[in-house]
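Encoded as structure tokens, the structure appears first; notes follow it.
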Amino acid sequence: MNRQAVLKSLSSRFQGDILDVFDKSPRRVFMEIKPSAVVPIARYVFRDLGARFNIATGTDMRTHMEILYHFTFEEIDLLVSLRVKLSAQKPEIESLTPISEAFNWIEREMAELLGINFRGHPEMKRLLLSKAWPEKVHPLRRDYKEWDKNAVRNRGLT
Amino acid sequence: MKLPKIRELLEAVKALVVGPYTSRFPRKPHVPFKSFRGQPQFNEDFCVGCLACEEVCPAGAIGHNDAVSGGKAVRTIYHYTDTCIFCGECEAACIADHKGIKLSTEWDLAFFDRNRAFESIDRDLVTCERCGAVVAARRHLQWITDRLGELAFSSPTLYQTKLKELGLIDDNPAAVHRENARSDRLKTLCAHCRRQTTAGA
Amino acid sequence: MKKTIIPIGPYHPLQEEPEYFTLTVDGETVVDIDAEIGYNHRGIEKLSELKNFDQSTFVIERICGICSTSHPYAYVRALEDIAGVEVPPRARYIRTIIAEGERLHSHLLWLGLAGHFLGYNTVYMWAWKLREEILDVMEIVSGNRNNYAMFRPGGVRRDINPDDIPIVLKKIKKIVPTLTMLHKAVRDDPVLHARTKGIGVLTKEESINFSALGPTSRASGVARDVRKDTVYGAYHEMDWKMIVTENGDVFDKVVVRMLEMLETIKILQYCFTHLPAGPIDSGLKGIPAGEGIGTHEAPRGETFHYVRSDGTNRPVRHKVRAPTFMNLPTYKATVKGSQLADAVIILAAIDPCYCCTERMAIRDPGGKRLFDGRELVALSQRKSKLVQEQLGIRELPLDALGQVAP
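Structure representation (structure tokens):
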């Protein structure tokens, strides 16, 4: 399977769900998809096309919350990033953990660092932050404010 | 299974003869390789006090303090050995031909008291004659003047610093003039006052 | 059925970064395992957003002490992906040298510790002795044993002094015979076979399912190596083999790493002898707005960096994914059903980085019993002894000899 075939099979199969395709370079393709279609597309890419799941990256873009799911096709050296845009107030998306164990930890990480709700995640608990970290405080959000009054940040010099 | 063990035995004998890889450190002083990146050290002769090193330091290991007291202004630049990561960015960014702060091969940096884990350098500052604010380090202004050449004579702050260094003037000539509307222009001024006196705002 | 819960961690000699495993055991068999991470979460992604692109290189260099070049490598590749710059050949070669030197010392460190867990302290001492040679090479080349501070978006920061190359090549050459000897010793040691063959098997399907990376996946027959898959560095300009084995057990993971070290030495020797002349920096000034992805094959697998820039001098988002993040969850497939004495070496086989501190608690439902982390290592070592006796091998004087020397 070559590069064209991968992109063609994706765009023909999920015609209505792919909102935008940005062909950045021969090795990078960014695809914006509907949040509702993330499970079938991810399953197709991961299971049927045999791509390797790199990681997902969540970003708070102020106007919206964005998740990029990165998949690598190793044989053809192509990295496809599926972009979903979620609402900034109540970010919520279907969990991909039922497809594969590989999605488990990163979804837990995004949930605590960005406050994205993954529906149907089998073991949603904290991954990175300590137990002393307050609830509902998500450090990678843009509106994050330092909550620890005792933290020392400089040595008294400018 | 006995035979393959011979090659391991050989290695063991070799290890016994050659001895350990580590040096006999406390008894024999350790000499690092020439390229070793050790503690950055200020150079009294070259540092101009421009703070470029502080600007680029990724660890925030370089800080400064400007003290103005009794008409004498001094900038103290600190380098904290315990925060330093020995990356060499300060040396790379140093405007004084990469000589103002330089990585040494000094590696013995243990301290009993963390508060003493720093070294510092003092640089004289030039202050604004109108408001008293800090303009820049004296040697930094001289460095700029040298680079600008004759163009430096467009700025009284620069050429007066230079002329003072050369011993051609002993004090600001404008300061001995009567205070009048235009004398401001010939004074050593900070950027803010320079704008105010020039634009007349 | 009475079950015992055994916590490993947060501080344990197996782990470079503190992790906390809860093993549920039934007798000697592990029936369930769970992991808690985050003891070493330092908010580097957030910190990186507060520093400029150049300074971030040093922040992320300190994500890991052992793979201190993998992260900067992936990061600068992400920035070069945004800016679309070509790295000059000499810089590519220097980058490859640093990355491969790091792989060599990382694998040697792992080999030493794996030997220690199995009760082969001689291997431990010898592997770490070899590691000193390569750390000296790195010190000559970059100025430090770790944290090389060589990478810059668009090139490298320091050049290699041509006078150093003969010294460096001599040091690398010195490693080869001992390494070959160690490799052969691993290959035909009956105790090692008994302890590691068929233990902690990660099947090919599971490996793909977990998206496992690096030697962990290559031992399971998944040919996955960023150095081969993507064109970067100097890897495609020379001849080297990707080591893939089929069984996926601990033994194969040892073999993959051992053979990989020999390949790495080949790459290093080629790079030092064929170092092209030319500039070491492409003079990249400023990062334009955009998104970039950089990957690099770290000693433990693919490191993944995603950087988003808005045209200022700081990243809007910088995502770091270390290989252990994908490799560690494979414990779910490998540890279950194994024996407690094997759990240590299975967890160590994925090379989840190591930590020097040791502390572990064994807790049974009734009360709480806290004791030293040496206990579990001792348990593993005792098993090796037992296997030795069963195989009719007496304690060789070799071990005593080897331990006198260091």
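Protein chains in written order, with this note's numbering: chain A, 3 to 160; chain B, 7 to 207; chain C, -16 to 389.
Don't be surprised by glycine CBs; every beta carbon is placed ideally from N, CA and C.
DSSP-derived helix/strand/coil call for MET3 of chain A
Here the question's residue 3 of chain A lines up with position 1 in the first sequence. Residue state, collapsed to three classes: coil.
Near THR61 of chain A, what residues of its chain come up, given a Cβ to Cβ distance below 7 Å and the 5 sequence neighbours on each side ignored?
Counting from one through the first sequence, the residue named residue 61 of chain A turns up at place 59. Cβ neighbours of THR61 of chain A beyond the five flanking positions: GLU68.
Presumed contact (8 Å Cβ cut-off) between GLY95 of chain C and LYS368 of chain C, rounded CB distance:
Position 112 of the third sequence, counted from the start, is the residue given in the question as residue 95 of chain C. Position 385 of the third sequence, counted from the start, is the residue given in the question as residue 368 of chain C. Contact doesn't hold; Cβ gap of about 19 Å is too wide.
Straight-line gap, THR161 of chain C to ILE148 of chain C (C-alpha atoms, nearest Å)
As a working note, residue 161 of chain C is residue 178 in the third sequence. As a working note, residue 148 of chain C is residue 165 in the third sequence. Spanning the two alpha carbons is a distance of roughly 21 Å.
DSSP bridge partner residues for ASP212 of chain C (one or two, in chain order):
Looking up residue 212 of chain C in the third sequence gives position 229. None; ASP212 of chain C has no bridge partner.
Which parts of the stretch 82 to 149 of chain B are runs of the beta strand (DSSP E), unbroken and 3 residues or longer, counting only runs that do not cross its ends?
107 to 109, 124 to 133, 140 to 143
Below 8 Å, can you find three or more Cβ-Cβ pairs linking the stretch 102 to 112 of chain C to the stretch 123 to 130 of chain C?
no
Roughly how many angstroms separate the alpha carbons of PHE92 of chain B and PHE118 of chain B, rounded to a whole number?
As a working mapping, residue 92 of chain B is identified with position 86 in the second sequence. As a working mapping, residue 118 of chain B is identified with position 112 in the second sequence. C-alpha separation (whole angstroms): 20 Å.
Let me know the secondary structure DSSP gives GLU285 of chain C once reduced to three states.
Numbered from its first residue, the third sequence carries residue 285 of chain C at position 302. It is a strand residue.
Mapping DSSP to helix, strand and coil, what is THR340 of chain C?
In the third sequence, counting from the first residue as 1, residue 340 of chain C sits at position 357. With a pLDDT of 22 at THR340 of chain C, under the threshold of 50, the modelled position of this residue cannot be trusted, and the question is left open.
In this structure, what does DSSP give as the bridge partners for PHE73 of chain A?
Within the first sequence, numbered from 1, the residue matching residue 73 of chain A stands at position 71. In the DSSP output, where bridge partners are listed per residue, PHE73 of chain A has A:PHE55, A:VAL82.
Work out the CA separation of ARG86 of chain C and ALA61 of chain C for me, nearest whole Å.
Along the third sequence, one-based indexing puts residue 61 of chain C at 78. Along the third sequence, one-based indexing puts residue 86 of chain C at 103. Their Cα atoms are separated by approximately 21 Å.
Tell me which residues share the same chain as VAL70 of chain C and place their Cβ nearer than 7 Å to its Cβ, disregarding the 5 neighbours each side in the sequence.
Indexing the third sequence from 1 puts residue 70 of chain C at position 87. Correct list, in chain order: GLU63, GLY137, GLY138, SER265.
Output the distance between the C-alpha atoms of VAL395 of chain C and THR89 of chain B, rounded to the nearest integer angstrom.
As shown, chain C starts at -16 and ends at 389. That puts residue 395 of chain C outside it, with no answer to give.
Excluding the 5 residues preceding and the 5 following THR65 of chain A in the sequence, name in chain order all residues of the same chain whose CB lies nearer than 8 Å to its CB.
Locating residue 65 of chain A in the first sequence gives position 63, counting from the first residue. So the qualifying residues of the chain are ALA90.
Is there a Cβ from chain A that is less than 9 Å from the Cβ of VAL327 of chain C?
If you number the third sequence from 1, residue 327 of chain C lands on position 344. Output row for VAL327 of chain C: interface = no.
Thinking just about the alpha-carbon of each residue, which of C:MET108, C:GLU243, C:TYR131 is nearest to the one in LEU118 of chain C?
Taking the first residue of the third sequence as 1, we reach residue 118 of chain C at position 135. Closest option to LEU118 of chain C, Cα to Cα, is C:TYR131.
Among C:THR186, C:TYR3, C:THR52, C:ASP9, which one has its Cα closest to the Cα of LYS(-14) of chain C?
Here the question's residue -14 of chain C lines up with position 3 in the third sequence. The option with the nearest alpha carbon to LYS(-14) of chain C is C:ASP9.
Around the Cβ of PRO(-7) of chain C, are there at least 16 other Cβ atoms within 10 angstroms (buried) or fewer (exposed)?
Position 10 of the third sequence, counted from the first residue, corresponds to residue -7 of chain C. With 16 or more Cβ atoms within 10 Å of its Cβ, PRO(-7) of chain C is classed as buried.
Output, in chain order, the set of chain A residues within a Cβ distance shorter than 8 Å of THR213 of chain C.
For this step, residue 213 of chain C is matched to residue 230 along the third sequence. Per Cβ cutoff of 8 Å: ARG29, ASP79.
Step through the CB atoms of chain C and report whether any lies within less than 9 Å of the CB of GLY69 of chain B.
Counted from its first residue, the second sequence places residue 69 of chain B at position 63. GLY69 of chain B does not count as touching chain C.
Give the range of the alpha helix (DSSP H) segment to which MET112 of chain A is assigned.
Position 110 of the first sequence, counting from 1, holds the residue named residue 112 of chain A. Segment 106 to 116, the alpha helix (DSSP H) holding MET112 of chain A.
Return the residue from the list A:MET126, A:ARG29, A:LEU21, A:PRO100 that minimises the CA-CA distance to PHE73 of chain A.
Reading the first sequence from its first residue, position 71 is the one you call residue 73 of chain A. Looking at the Cα atoms, A:ARG29 is the closest of the given residues.
Host beta strand (DSSP E) of TYR3 of chain C (start-end)
Counting from 1 along the third sequence, the entry for residue 3 of chain C is found at position 20. Its beta strand (DSSP E) spans residues 3 to 9.
Can you check whether the CB of SER126 of chain B is closer than 9 Å to the CB of PRO46 of chain B?
For this step, residue 46 of chain B is matched to residue 40 along the second sequence. For this step, residue 126 of chain B is matched to residue 120 along the second sequence. No, these two residues do not count as a Cβ contact at 9 Å.
Short of 9 Å Cβ to Cβ, which residues in the stretch 122 to 147 of chain C face chain A?
none
Judging by CA-CA distance, which residue of A:SER102, A:GLU148, A:LEU84 is the nearest neighbour of SER38 of chain A?
Position 36 of the first sequence, counting from 1, holds the residue named residue 38 of chain A. The residue with the shortest Cα to Cα distance from SER38 of chain A is A:LEU84.
Which partner residues does MET67 of chain A have in the DSSP bridge list?
Translated into positions along the first sequence, residue 67 of chain A becomes position 65. Note: MET67 of chain A sits in a beta bridge opposite A:ASP62, A:LEU88.
Within-9 Å CB hit, ARG13 of chain B to chain C:
For the purposes of this step, residue 13 of chain B is identified with residue 7 of the second sequence, where counting begins at 1. Taking Cβ atoms only, chain C reaches closer than 9 Å to ARG13 of chain B, which makes this a yes.
For the alpha helix (DSSP H) containing PHE234 of chain C, name the first residue and the last one.
For the purposes of this step, residue 234 of chain C is taken as residue 251 along the third sequence, with counting starting at 1. Element bounds for PHE234 of chain C: 233 to 256.
Taking only three categories from DSSP, how would you classify GLY84 of chain C?
By 1-based counting over the third sequence, the position of residue 84 of chain C is 101. GLY84 of chain C: helix per DSSP, three-state reduction.
Contact set for LEU6 of chain C: own chain, Cβ-Cβ below 8 Å, skip 5 residues either direction:
Counting from one through the third sequence, the residue named residue 6 of chain C turns up at place 23. Excluding residues within five positions, the ones whose Cβ falls inside 8 Å are ILE(-12), ILE(-11), PRO(-10), ILE(-9), VAL13, ASP15, ILE16, VAL318, LEU323, ALA326.
Tell me which residue opens and which closes the beta strand (DSSP E) that LYS26 of chain A is part of.
Counting from one through the first sequence, the residue named residue 26 of chain A turns up at place 24. Where LYS26 of chain A is concerned, the enclosing beta strand (DSSP E) stretches over 20 to 27.
Compare the C-beta of SER203 of chain C with all C-beta atoms of chain A and state if any pair is closer than 9 Å.
Position 220 of the third sequence, counting from 1, holds the residue named residue 203 of chain C. No, no contact with chain A.
Would you say LYS319 of chain C reaches chain A, if we count a Cβ-Cβ gap shorter than 9 Å as a contact?
Taking the first residue of the third sequence as position 1, residue 319 of chain C is located at position 336. Chain A, which has no Cβ nearer than 9 Å to the Cβ of LYS319 of chain C, makes this no.
For ILE35 of chain A, the residue or residues it bridges with in DSSP:
In the first sequence, residue 35 of chain A corresponds to position 33, counting from 1. The partner list for ILE35 of chain A (beta bridge, DSSP) reads A:ILE20.
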